[in-house]
Amino acid sequence: MSGSLDRFKTAFNQLNKDTLHLLDEIYAPDVEFRDPVHELKGLPALRGYYSRLYDGVVSCHFDFEAEVIQDQQGMLVWIMRFQHARFRRGETLELRGVSHLKFRDDGKVFQHHDYFDMGEFIYERVPLLGGVIRAIKNRL
Numbered sequence: 020m021s022g023s024l025d026r027f028k029t030a031f032n033q034l035n036k037d038t039l040h041l042l043d044e045i046y047a048p049d050v051e052f053r054d055p056v057h058e059l060k061g062l063p064a065l066r067g068y069y070s071r072l073y074d075g076v077v078s079c080h081f082d083f084e085a086e087v088i089q090d091q092q093g094m095l096v097w098i099m100r101f102q103h104a105r106f107r108r109g110e111t112l113e114l115r116g117v118s119h120l121k122f123r124d125d126g127k128v129f130q131h132h133d134y135f136d137m138g139e140f141i142y143e144r145v146p147l148l149g150g151v152i153r154a155i156k157n158r159l
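In my numbering, each number is its position in the sequence shown, counted from 1, plus 19.
Structural data, given as structure tokens:
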């Protein structure tokens with residue numbers, strides 16, 4: 020099981036718009052993917068999602084801070100550092116999150132759920148809206 024998780028981590032740090040074929044090596048054809056914004060079923064849908072996601076990405080790297088493996092499941096705590104041509108003039112941005120992965124016997128992921136704070140990632144970076152959200156957070 021740890022070998023499957025290691026392959027997943029390695030593939031994600033090699034992933035870019037030109038290496039989307041790596042998804043075939045780590046995901047099952049009927050993979051189910053979910054994050055705070057999307058819910059996708061099947062490898063073709065996931066490949067399309069990553070193709071759109073990586074369009075304009077200058078660089079992307081995951082630092083995996085912790086992992087838990089139990090039975091055919093893995094949890095990864097990560098920090099994604101990336102630069103995107105259309106976000107914040109290409110400056111490096113960070114997003115913290117957790118991935119819950121379920122593996123089949125062949126080591127491929129059939130269920131991938133990502134958890135991260137969408138407010139921190141997008142909404143707080145919008146000029147007027149960001150200030151309002153930060154003010155609300157400070158009052159809580």
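We treat Cβ as the ideally placed atom computed from N, Cα and C, and that holds for glycine.
Only a predicted model underlies this, so the values are computations on that prediction, with no experimental measurement involved.
- Here residue 65 is not near residue 81, since their CB atoms are 9 Å or more apart.
- Of all alpha-carbon atoms in 136, 137 and 121, the one lying nearest the alpha-carbon of residue 130 is that of 121.
- Judged by DSSP in its simplified three-state form, residue 116 adopts strand.
- One thing to note: residue 39 has its Cβ within 9 Å of the Cβ of residue 70.
- Inclusion of residue 73 and residue 34 in the CB contact set at 9 Å is warranted, their separation being smaller than that value.
- Taken atom to atom, the span from the alpha-carbon of residue 111 to that of residue 75 is near 13 Å.
- Our two residues, residue 79 and residue 118, have alpha carbons roughly 16 Å apart in a direct line.
- Rounded to the nearest angstrom, the gap between the Cα atoms of residue 83 and residue 25 is 11 Å.
- DSSP, reduced to helix, strand and coil, places residue 131 within a strand of the structure shown.
- Counting other Cβ atoms within 10 Å of its Cβ, residue 109 stays below 16 and is therefore classed as exposed.
- In the three-state DSSP reduction, residue 86 falls in the strand class (E or B).
- Distance from the Cα of residue 56 is smallest, within the candidate group 133, 158, 96 and 157, for 133.
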